[in-house]
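For the record, the sequence lines run as chains A and B. According to this note's numbering, the first sequence is numbered sequentially starting from 1. According to this note's numbering, the second sequence is numbered sequentially starting from 235.
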Amino acid sequence: MALLEASRVVAGYGGTEILHGVSVTVDNGEIVTVIGPNGCGKSTLMKAIVGLVKVRTGSVTFRDEDISSQPPERIVRRGLCYVPQSANVFPSLSIRENLEMGAFIRDDDYEGRIAEMFELFPDLAVRPNRKAGSLSGGQRQMLAVARALMLDPVLLLLDEPSAGLSPTMMSMVLERIVDINATGVAFLLVEQNAREALRMSHRGYVLSAGENRLNDAGQALLDNPEVARLYLGG
Amino acid sequence: MFALRNTARRMIPEWTPGRITLAIVVVTLVAGLLPFVKMSLIVNGVFLGAIIALGAIGLTLIYGVLNFANIAHGDYMTMGAYVALFLLTGLFPTFGIEGEGLGPLTFGYPLLIALPLAAAVVAAGAILLDVAIYRRLRRRGVNAVVLAMASLGVAIALRGLVQVIWSGETQHYPREFRQVFRLPLDVRIPPDSIFIAIVAVVLVVGVYLVLTRTKMGKAMRATADNPNLALVSGIDTQRVIRWNWAIGAGLAATAGVLLAVFQAQLLPIMGWKFLIPLFAAVILGGIGNPYGALVGAFVIGVTSEVSTQWINPSYKPAVAFAIMIVMLLMRPRGIFGDSG
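Structural data, given as structure tokens:
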């Protein structure tokens, strides 16, 4: 049984249907990347999985439990954490307070986990009382990932983790993802920088207009001439 | 410690030419007028500011988390004042809890018991109103204007309720005449005002500590920052909303009791009339910023008191209203916010 299984998910906003039956699976310890043109429903798929957008039909199963009608705070408790594309930190809270909020549902002592996050992202440890709103794009992205890792998730959903970052910053964030994955955390990514992301992914999905187009191993998608022509810019 | 330093940093504005000019104009005006202003009015304004602060902090917190202007906030103040009146004149005497003129104060020790009780009753009432009205509306996904209009309805209903139960007549807490403290420069301070200032300082420090030191306080700030991220972080936003109402309405009720002591009378309209100074303070400090609301409250309190030296005291709300309009035109995000 897959760790996460989204099956024929239909979802959208108000009168507009964005996803017309998308299916995605993630196995334990995998990195899976979803690529596709703008507006194909990648972000909506993420939001539907974490419960921010209602799943109209179809189902989302996580660790053998149907989570498609559960509120986000319940899903988080199951070990599925999510980092939105934008507005993914609390700007008026300090770095440390952001991490504390990531651990909101933990009743045990999470100081050790905060120390681990500072080790993983040394940039954040320099001035832990700095307001998140004053951080650079790259630092903000790292804080967002660190916040989501505070709960020791089994699966982490990242929506465009490299959006708006410099190429150096981008490869640094992606490297961190591989490091974290090595500790057993599975990832489901949505990425604009499809080439970089597919290179480090076990598998990938291509979405188009709210439907599945292709799915294959990461390297195989990179080698696929059709994918290269349509989504990787030649 | 660190949090304090962070706040201080946020309060120090960047010195752009526009701001320097504004600061010079304000300082010159204040310094030029100061010799002509009666010191007693300034002192009185500070005490009034303390009461405005308690209401304004609650109002701005509710705006921050729930994203709507609670027009009923003034009537939560009225409710607090009248619940205390009921306790002092109706309930307590049957248990033999009576008395006025505690030391230099006009009121007796029962008020010290009635104050937290009234705050708790109004806080509970505010949570019930949220469950009965605002939560239903939020679930329907209505916009902020609908929520504000619903709160206008609540305001009118609460005022009506006060009039039905306690009549529209002027009332007052059991009190005994007391001498005012006479200070140099013809400043007269009623001892009651010192009590008001102490309560306000204790509560403001308390709210600051709750917001910066407790998990729930941080979660309130987080939810105000970004409600969706709070949800996916696992923060129980329903609980945050309940705490938010409890703190906001509890502070409002306390402000109401203190206002009744300050003005030495209760009227069903007292809180409603206070709404404009409250909103002026909130807007001055930047909507949703509790520290800003605190500063805004003192500015409004002192300015509207001092204005009575030249204009009829019944125009006090108009002064607050004028400040609010000028602020909205010039710096809609408040004195500490970005302009434009």
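Just so it is clear, CB atoms sit at the ideal spot from N, CA and C, and this is done for glycine as well.
Contact under 9 Å by Cβ, residue 306 of chain B with residue 371 of chain B:
For this step, residue 306 of chain B is matched to residue 72 along the second sequence. For this step, residue 371 of chain B is matched to residue 137 along the second sequence. It is not a contact, given that the beta carbons lie outside the stated cut-off.
Which residue from A:65, A:88 and A:210 puts its Cα closest to that of residue 162 of chain A?
Locating residue 162 of chain A in the first sequence gives position 162, where the first residue counts as 1. The shortest C-alpha separation from residue 162 of chain A is found at A:88.
Determine the DSSP secondary structure at residue 88 of chain A, reduced to helix, strand or coil.
If you number the first sequence from 1, residue 88 of chain A lands on position 88. Looking at residue 88 of chain A - three-state DSSP - the assignment turns out to be coil, as it is neither helix nor strand.
Taking only beta-carbon atoms, is residue 548 of chain B less than 9 Å away from chain A?
Here residue 548 of chain B refers to the residue found at position 314 of the second sequence. Residue 548 of chain B does not count as touching chain A.
What does a CB cutoff of less than 6 Å around residue 527 of chain B pick up in its chain, not counting 5 residues either side in sequence?
Translated into the one-based positions of the second sequence, residue 527 of chain B becomes position 293. Closer than 6 Å at Cβ, skipping near neighbours: 290, 291, 294, 515, 516 and 519.
Would you identify the three-state DSSP class for residue 233 of chain B, choosing helix, strand or coil?
Look at the range of chain B in this structure, 235 to 574, and you will see that residue 233 of chain B is not part of it.
DSSP-derived helix/strand/coil call for residue 9 of chain A
Looking up residue 9 of chain A in the first sequence gives position 9. DSSP places residue 9 of chain A in strand when its eight states are reduced to three.
Any alpha helix (DSSP H) of 4 or more consecutive residues that is wholly inside the stretch 419-444 of chain B
none
Compute the Euclidean distance between the alpha carbons of residue 521 of chain B and residue 81 of chain A, then round it to the nearest angstrom.
Against the second sequence, residue 521 of chain B aligns to sequence position 287. Against the first sequence, residue 81 of chain A aligns to sequence position 81. Approximately 31 Å between the Cα atoms of the pair.
Pairwise C-alpha distance: residue 531 of chain B and residue 374 of chain B
Translated into the one-based positions of the second sequence, residue 374 of chain B becomes position 140. Translated into the one-based positions of the second sequence, residue 531 of chain B becomes position 297. Those two C-alpha atoms are separated by around 34 Å.
Exposed or buried, what is residue 131 of chain A when buried is set at 16 or more other beta-carbons lying within 10 Å of its beta-carbon?
By one-based count along the first sequence, residue 131 of chain A stands at place 131. Residue 131 of chain A is buried by the Cβ-count criterion.
Exposed or buried, which one is residue 47 of chain A when buried takes at least 16 other CB atoms within 10 Å?
Here residue 47 of chain A is taken as the residue at index 47 of the first sequence, counted from 1. Label assigned to residue 47 of chain A: buried.
Distance, Cα to Cα, residue 124 of chain A vs residue 114 of chain A?
To locate residue 124 of chain A, count along the first sequence from 1; it is residue 124. To locate residue 114 of chain A, count along the first sequence from 1; it is residue 114. One C-alpha to the other measures close to 10 Å.
Is the number of C-beta pairs between the stretch 189-206 of chain A and the stretch 32-41 of chain A that are closer than 8 Å three or more?
yes
Integer-rounded CB distance, given that residue 276 of chain B should sit under 8 Å from residue 495 of chain B
Along the second sequence, one-based indexing puts residue 495 of chain B at 261. Along the second sequence, one-based indexing puts residue 276 of chain B at 42. Not really, about 20 Å apart at Cβ, beyond 8 Å.
Name the one or two DSSP bridge partners that residue 416 of chain B has.
Position 182 of the second sequence, counted from the first residue, corresponds to residue 416 of chain B. Looking at the DSSP assignment, residue 416 of chain B forms a beta bridge with B:422.
Neighbourhood of residue 221 of chain A by C-beta, 6 Å cutoff - its chain only, sequence neighbours within 5 removed:
On the first sequence, position 221 is the one that residue 221 of chain A refers to. Excluding residues within five positions, the ones whose Cβ falls inside 6 Å are 198, 204 and 227.
Reduced DSSP secondary structure (H/G/I, E/B, other) of residue 19 of chain A:
Indexing the first sequence from 1 puts residue 19 of chain A at position 19. The answer is strand: DSSP assigns residue 19 of chain A an E or B state.
Considering only the alpha carbon of each residue, which of A:1, A:169, A:41 and A:28 lies closest to residue 10 of chain A?
Here residue 10 of chain A refers to the residue found at position 10 of the first sequence. The candidate whose alpha carbon is nearest that of residue 10 of chain A is A:41.
Can you tell which of B:286, B:508, B:542 and B:501 has its C-alpha closest to the C-alpha of residue 203 of chain B?
In this structure chain B extends from 235 to 574, so residue 203 of chain B is not present and cannot be described.
State buried or exposed for residue 141 of chain A, treating a residue as buried only when at least 16 other CB atoms are found within 10 Å of its CB.
Within the first sequence, residue 141 of chain A is the residue found at index 141, counting from 1. So residue 141 of chain A ends up on the buried side.
Please decide whether residue 501 of chain B counts as near chain A, where near means a Cβ-Cβ distance under 9 Å.
Within the second sequence, the letter at position 267 stands for residue 501 of chain B. Output row for residue 501 of chain B: interface = no.
Is residue 203 of chain A close to chain B? Criterion is C-beta to C-beta, closer than 9 Å.
For the purposes of this step, residue 203 of chain A is identified with residue 203 of the first sequence, where counting begins at 1. No, its Cβ sits nowhere closer than 9 Å to a Cβ of chain B.
Alpha helix (DSSP H) segment containing residue 212 of chain A, residue limits
Residue mapping note: residue 212 of chain A aligns to position 212 of the first sequence, counting from 1. Unbroken run through residue 212 of chain A is the beta strand (DSSP E), 211-217; no alpha helix (DSSP H).
Unbroken beta strand (DSSP E) run spanning residue 106 of chain A, endpoints:
For the purposes of this step, residue 106 of chain A is taken as residue 106 along the first sequence, with counting starting at 1. Per DSSP, residue 106 of chain A belongs to no beta strand (DSSP E) and is neither H nor E.
Indicate whether residue 453 of chain B and residue 353 of chain B have their beta-carbon atoms separated by less than 9 Å.
Mapped onto the second sequence, residue 453 of chain B falls at position 219. Mapped onto the second sequence, residue 353 of chain B falls at position 119. In this structure, residue 353 of chain B does not lie closer than 9 Å to residue 453 of chain B by Cβ.
Determine whether the beta carbon atoms of residue 143 of chain A and residue 188 of chain A lie at a separation below 9 Å.
By one-based count along the first sequence, residue 143 of chain A stands at place 143. By one-based count along the first sequence, residue 188 of chain A stands at place 188. No, the pair does not count as a contact, with Cβ atoms beyond the cut-off.
Could you check whether the Cβ of residue 470 of chain B sits closer than 9 Å to any Cβ belonging to chain A?
The residue labelled residue 470 of chain B in the question sits at position 236 within the second sequence. Closer than 9 Å to some Cβ of chain A, the Cβ of residue 470 of chain B qualifies, so yes.
In three-state DSSP terms, what is residue 584 of chain B?
Because chain B in this structure spans residues 235 to 574, residue 584 of chain B falls outside the shown range and cannot be described.
What are the boundary residues of the alpha helix (DSSP H) that includes residue 179 of chain A?
For the purposes of this step, residue 179 of chain A is taken as the residue at position 179 of the first sequence. It spans 167-182 - the alpha helix (DSSP H) in which residue 179 of chain A sits, taken as one unbroken run.
Report the partner residues of residue 131 of chain A according to the DSSP bridge assignment.
Working through the first sequence from its first residue, we reach residue 131 of chain A at position 131. For residue 131 of chain A, which the question treats as bridged, DSSP gives the partners A:94.
Report the residues of the stretch 88-113 of chain A with a CB closer than 7 Å to any CB of chain B, ordered along the chain.
88, 90, 91, 92, 93, 94, 97, 100, 101, 102, 104 and 105
Can the beta-carbon of residue 194 of chain A be found closer than 9 Å to that of residue 27 of chain A?
Locating residue 194 of chain A in the first sequence gives position 194, where the first residue counts as 1. Locating residue 27 of chain A in the first sequence gives position 27, where the first residue counts as 1. In this structure, residue 27 of chain A does not lie closer than 9 Å to residue 194 of chain A by Cβ.
Starting from residue 481 of chain B, follow its DSSP beta bridges and name the residues at the other end.
Taking the second sequence and counting its residues from 1, one reaches residue 481 of chain B at position 247. Paired residues: none, contrary to the question.
Using a Cβ cut-off of 9 Å, pull out every chain B residue sitting near residue 191 of chain A, in sequence order please.
Residue numbering aside, residue 191 of chain A sits at position 191 when the first sequence is read from its first letter. What residue 191 of chain A touches in chain B: nothing, since even the nearest Cβ is about 19 Å away.
CA-to-CA distance, residue 206 of chain A to residue 215 of chain A, given in whole angstroms:
Counting from one through the first sequence, the residue named residue 215 of chain A turns up at place 215. Counting from one through the first sequence, the residue named residue 206 of chain A turns up at place 206. Roughly 6 Å between the two C-alpha positions.
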